[in-house]
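Number 284 in numbering that gives the first Met the number 0 belongs to position 285 of the sequence shown; there are no gaps in the numbering. Working notes, structure below.
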Amino acid sequence: MARFLNLRIERPVAGGAMLAHHGGRVVLVEGAIPGERVDARVDRERRDVLFATVINVVEPDSDRRAVESDPACGGQAYLHIKYDRQRQLKSQVIADTLRRMTQLDAAVLVPVIPSREHGYRMRSRLHAGSSGLGFLRGGTHTLCNAARTGQLLPETNRVVSQVGRRLSRSKYRSVTHVDLAESINADMRVMNFHLAAPSVSKLVAEWTMGCALTGVTCSKPGSAEIKVISGAPTIFDPVDSLLHGDVTHHGSIARHARSFFQGNRYVLSALVTSVCRRVTADPVLDLYAGVGLFSVALASLGIENITAVERDASARKDLVTNASDTHIDVIGTSVEQFLSRSSNVISGTVIVDPPRAGLGRNVIDLLVQRRVSSLVYVSCDVATFARDLQRFGEAGYTVEDIEAFDMFPNSAHIEVMASLRR
């Protein structure tokens, strides 16, 4: 039998839920705003924590707004909250996390650099099903309508819908998912189809014929090989569009749809500019370099001594291309292996942009052993970011400043960056 609670919402927590208490137990509530009184249904419980969803707002906050799409589609946990308040809540999450997990003075809230709410997404993963292509509803394998989220541009939605209709009519179910990537100004758009059965690749040309795609490719799970079906397999963005500053080398950054790249076309230049501004000395060591976003931007600003380390085969292929007309030295190995090769002091500035799991104890220990004195840390997860800052603090590093970027408006995700010195 369902259990219902009447709750006063207290504050936001990482991940999108809001915190409340009932009978001495913590309740994490979806769909609420701090200060509201709500009726909530308990969906599950774990030890001393209850997980609940709002079913009725008894005392609504003035920042509550009508929801026109499914918040669980596209990870839109903050969709019901006016945008300026979303950013305030994200600042509070950062401060609370730093206060709880570090010894930093988190009394001053970190402002979150804003984004446009719609059409911001230039990289996404689409899943295939009987109804076509779409996102997966959070926590399920159920397809949902990506167009309803507003995250993609109107023209992109038309392409996804057209390809999805054709694919859904096919008797073949060998498409596991589709990588969709666009250039910042949306003049280039590439789809990469992940196929469980390579023989289906000839059908991809039929599914995508006449669509507004500048390139179509296929790949097989577990393989770095990409087969070009039509057009050009890569997207190019001018370096000038990626940062603000006096660019001395007017090149471009190329990337395949499979390669990881920051997803927000409206906030990307603010992030890149902020990272570059904090590089006060070369040489520069760019760890988890991806396709070379930060390395190429720095090279275009006149930094000549740059080493970029990337293990992923797809991203490294793009990195090599992007570094070909620069002074960037590309190293194709893991960060741990690279740092373990020597015990020499690493001079200049180190940039790290690790996966969601963060750096981890081993990498931090290696950076400390190599006596890194200047570090720029970019993170997509506030909790692992705070954990790692505390470990650096224990090793004698000082956090000079922290910035935040709203890469995914209407979601609970936050991109954060810190500069550290020792």
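All C-beta atoms, glycine included, are put in the ideal place defined by N, C-alpha and C. Computed from a prediction, not measured in an experiment: that's the story for all the values here.
Rounded separation between residue i and residue j - CA only
{"i": "R10", "j": "M100", "result": "17 angstroms"}
{"i": "D400", "j": "L419", "result": "8 angstroms"}
{"i": "S198", "j": "A382", "result": "43 angstroms"}
{"i": "Y396", "j": "A31", "result": "38 angstroms"}
{"i": "L242", "j": "A269", "result": "7 angstroms"}
{"i": "S61", "j": "N55", "result": "15 angstroms"}
{"i": "T216", "j": "R120", "result": "20 angstroms"}
{"i": "P408", "j": "D178", "result": "21 angstroms"}
{"i": "V174", "j": "R147", "result": "23 angstroms"}
{"i": "I363", "j": "N144", "result": "41 angstroms"}
{"i": "V266", "j": "M0", "result": "46 angstroms"}
{"i": "G230", "j": "M187", "result": "11 angstroms"}
{"i": "G131", "j": "W206", "result": "11 angstroms"}
{"i": "E67", "j": "E116", "result": "14 angstroms"}
{"i": "V57", "j": "D38", "result": "7 angstroms"}
{"i": "F235", "j": "R264", "result": "13 angstroms"}
{"i": "Q75", "j": "A411", "result": "7 angstroms"}
{"i": "D324", "j": "S299", "result": "10 angstroms"}
{"i": "D387", "j": "V351", "result": "12 angstroms"}
{"i": "R310", "j": "V53", "result": "43 angstroms"}
{"i": "L151", "j": "A394", "result": "43 angstroms"}
{"i": "P59", "j": "R36", "result": "7 angstroms"}
{"i": "I80", "j": "R63", "result": "5 angstroms"}
{"i": "A71", "j": "H248", "result": "43 angstroms"}
{"i": "A211", "j": "E335", "result": "42 angstroms"}
{"i": "A253", "j": "R165", "result": "29 angstroms"}
{"i": "F202", "j": "H20", "result": "Reading the sequence as shown, one finds Leu at residue 202 and not Phe. Cα to Cα, the separation comes out at about 54 angstroms."}
{"i": "V12", "j": "S169", "result": "43 angstroms"}
{"i": "T139", "j": "G73", "result": "12 angstroms"}
{"i": "E44", "j": "A94", "result": "27 angstroms"}
{"i": "L4", "j": "S90", "result": "28 angstroms"}
Coil, strand or helix - residue i by DSSP
{"i": "C217", "result": "strand"}
{"i": "G131", "result": "strand"}
{"i": "M17", "result": "strand"}
{"i": "V159", "result": "helix"}
{"i": "A470", "result": "Nothing in the structure corresponds to residue 470, since the chain is present only between 0 and 421."}
{"i": "V111", "result": "strand"}
{"i": "R147", "result": "helix"}
{"i": "F337", "result": "helix"}
{"i": "L152", "result": "coil"}
{"i": "L286", "result": "strand"}
{"i": "N263", "result": "strand"}
{"i": "P197", "result": "helix"}
{"i": "R172", "result": "coil"}
{"i": "R165", "result": "helix"}
Element boundaries [beta strand (DSSP E), containing residue i]
{"i": "I228", "result": "I225 to G230"}
{"i": "A269", "result": "Unbroken run through A269 is the alpha helix (DSSP H), L267 to R276; no beta strand (DSSP E)."}
{"i": "N191", "result": "R188 to L194"}
{"i": "L78", "result": "Element bounds for L78: n/a, residue is neither H nor E."}
{"i": "T397", "result": "T397 to F404"}
{"i": "V48", "result": "V48 to E58"}
{"i": "V28", "result": "R24 to E29"}
beta-carbon residue i near the ligand PLP non-hydrogen atom, thresh 6 angstroms
{"i": "A356", "result": "Looking for the ligand PLP in the displayed structure turns up nothing, as the structure carries no ligands at all."}
Residue(s) in a DSSP beta bridge with residue i
{"i": "S123", "result": "L179"}
{"i": "C72", "result": "R136"}
{"i": "D239", "result": "None, per the DSSP bridge assignment."}
{"i": "R40", "result": "F3 and T52"}
{"i": "V329", "result": "A307"}
{"i": "Y376", "result": "V351 and A417"}
{"i": "T233", "result": "H255"}
{"i": "T408", "result": "Before going on, a small fix: residue 408 reads as Pro here, not Thr. Beta-bridge pairing links P408 to no other residue."}
{"i": "L142", "result": "L135"}
{"i": "R10", "result": "L18"}
{"i": "R63", "result": "I80"}
{"i": "R86", "result": "Note: R86 sits in no beta bridge, so no partner."}
{"i": "R98", "result": "Paired residue(s): none; R98 is not in a bridge."}
{"i": "R360", "result": "Per DSSP, none; premise fails for R360."}
Boundaries of the alpha helix (DSSP H) in which residue i is found, first to last residue
{"i": "L103", "result": "Segment: none, L103 is in no alpha helix (DSSP H) and carries neither H nor E."}
{"i": "R369", "result": "First-last for R369: undefined, no H or E at that position."}
{"i": "E393", "result": "V381 to E393"}
{"i": "R315", "result": "A312 to A322"}
{"i": "L297", "result": "L292 to S299"}
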